[in-house]
Amino acid sequence: MLLFGACGNPVKKESAQNTPEPAPEVETGPEIKPISHATAVLSLGGTILYLDPVGGGDAFSGHPAPDVILITDVHGDHYNRETLEAVAGSATLIIAPEAVIAMMPERLAQQATALGNGAVLPLGELSITAIPMYNLREEALKFHEKGRGNGYVLEQDGFRVYVSGDTEDIPEMRALENIDVALVCMNLPYTMTVERAADAVLEFKPSRVFPYHYRGNPEVSDVSRFRALVEAGNPGIEVVQLDWYPGQPY
211 MLLFGACGNP VKKESAQNTP EPAPEVETGP EIKPISHATA VLSLGGTILY
261 LDPVGGGDAF SGHPAPDVIL ITDVHGDHYN RETLEAVAGS ATLIIAPEAV
311 IAMMPERLAQ QATALGNGAV LPLGELSITA IPMYNLREEA LKFHEKGRGN
361 GYVLEQDGFR VYVSGDTEDI PEMRALENID VALVCMNLPY TMTVERAADA
411 VLEFKPSRVF PYHYRGNPEV SDVSRFRALV EAGNPGIEVV QLDWYPGQPY
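Heads up: take any position in the sequence shown, counting from 1, add 210, and you land on this note's numbering.
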């Protein structure tokens with residue numbers, strides 16, 4: 211059973227506003243296969259990456275085994291020991307913040323690499339940079355403190371992918387440059403509103419943005435409004451919504 215921590219609790223909300231699109235045909239850049247909420251399988255330049263694997267090993271049935279696992283934070287919708295044990299092979303590289311590695315059993319911790327905010331890890335033609343992720347609003351500071359978790363920028367052959375993790379529209383996000391694909395969160399009370407997410411996206415101008423991690427408590431963010439705000443502000447930014455909540459009406 212999928213358990214969610216402080217970042218989002220499962221809710222039901224009847225809505226036709228957030229109808230997902232089929233995964234786009236992308237000639238360059240990553241192939242993104244959502245699993246649920248913050249969890250996805252990415253294929254970039256032949257490297258298979260699992261992002262925040264939770265939900266049990268069966269959730270990844272039919273997907274290739276990961277070369278790299280990226281974990282952003284300590285909460286249960288990002289780190290789950292049982293899922294990690296199920297999907298991480300002996301040769302899988304696990305990349306995570308130090309606070310997450312401290313929670314791992316010894317076997318997993320031994321094959322994990324800790325990245326602090328701002329650190330860069332070269333992996334052949336792929337490089338991974340840890341980007342800060344944290345809250346700004348006074349009432350939300352308890353959720354994500356600065357320095358504990360990571361967003362990530364993946365770069366291969368000049369193609370840059372940003373994964374926000376759980377964050378508000380922090381200066382480090384707004385200062386990003388030359389991002390081709392961005393996965394950007396938006397859910398209250400844990401991260402940010404669609405308005406703040408759209409405003410940040412309009413500032414750092416990714417070529418393509420995928421809203422994800424948009425179920426909050428108790429509301430589900432209106433991704434159609436996020437799309438409208440981004441397209442009105444910059445029609446050159448493509449907004450793509452995938453199905454991050456299979457079986458749910460949002």
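For every residue, glycine included, the Cβ atom is placed at its ideal position computed from N, Cα and C.
Thinking just about the alpha-carbon of each residue, which of Y344, E295, I338 is nearest to the one in E365? Sequence index remark: in the sequence shown, residue 365 carries index 155 (1-based). Comparing Cα positions, the closest option is I338.
Tell me, please, which residues DSSP counts as bridged to E448. One-based indexing of the sequence shown puts residue 448 at position 238. In the DSSP output, where bridge partners are listed per residue, E448 has R418.
Considering only residues of the segment 295-349, which uninterrupted alpha helix (DSSP H) runs meet the minimum length of 4 residues and lie entirely inside it, listed in chain order? Fully enclosed alpha helix (DSSP H) runs of 4 or longer: 308-311, 316-320.
Residues bridged to A410 [DSSP beta-bridge criterion]: Numbered from 1 along the sequence shown, position 200 holds the residue referred to as residue 410. As computed with DSSP, A410 is found in no beta bridge at all.
Is P244 helix, strand or coil by DSSP? Working through the sequence shown from its first residue, we reach residue 244 at position 34. Strand, per DSSP.
Boundaries of the alpha helix (DSSP H) in which R437 is found, first to last residue: Along the sequence shown, read from residue 1 onward, the residue named residue 437 stands at position 227. Looking at the DSSP string, the run of the alpha helix (DSSP H) that includes R437 is 433-443.
Can you list, in chain order, the residues of its chain whose CB lies under 7 Å from that of D367, leaving out five sequence neighbours each side? Counting from one through the sequence shown, the residue named residue 367 turns up at place 157. The residues are G255, E335.
Residues in its own chain within less than 6 Å of Y422 by CB, not counting five upstream and five downstream? If you number the sequence shown from 1, residue 422 lands on position 212. Closer than 6 Å at the Cβ level, and outside the excluded window around Y422, lie L393, W454.
Kindly indicate which three-state DSSP category T257 falls into: helix, strand or coil? Translated into the one-based positions of the sequence shown, residue 257 becomes position 47. Strand.
Classify D268 as buried or exposed, calling it buried when 16 or more other Cβ atoms lie within 10 Å of its own Cβ. For the purposes of this step, residue 268 is taken as the residue at position 58 of the sequence shown. So D268 counts as exposed.
Kindly confirm or deny that the segment 238-248 and the segment 415-431 touch, where touching means at least three C-beta pairs closer than 8 Å. Segment contact: the segment 238-248 against the segment 415-431, three or more CB-CB distances shorter than 8 Å; contact assigned.
Could you name each continuous alpha helix (DSSP H) segment of 4 residues or more that falls completely within the segment 345-408, going from the start of the chain to the end? Secondary structure in the segment 345-408: the alpha helix (DSSP H) runs of 4 residues or longer, each lying completely within the stretch, are 381-384 in chain order.
One or two residues paired with V284 in a DSSP bridge: Working through the sequence shown from its first residue, we reach residue 284 at position 74. None, per the DSSP bridge assignment.
Per-residue burial, S300 [other beta carbons within 10 Å of its own, 16 or more giving buried]: For the purposes of this step, residue 300 is taken as residue 90 along the sequence shown, with counting starting at 1. By the Cβ-count criterion, S300 is exposed, with fewer than 16 other Cβ atoms from all chains shown falling within 10 Å of its own Cβ.
From this set, L439, P342, V404, G239, which residue's C-alpha is nearest D283's C-alpha? For the purposes of this step, residue 283 is taken as the residue at position 73 of the sequence shown. Put simply, of L439, P342, V404, G239 the residue whose alpha carbon is nearest the alpha carbon of D283 is P342.
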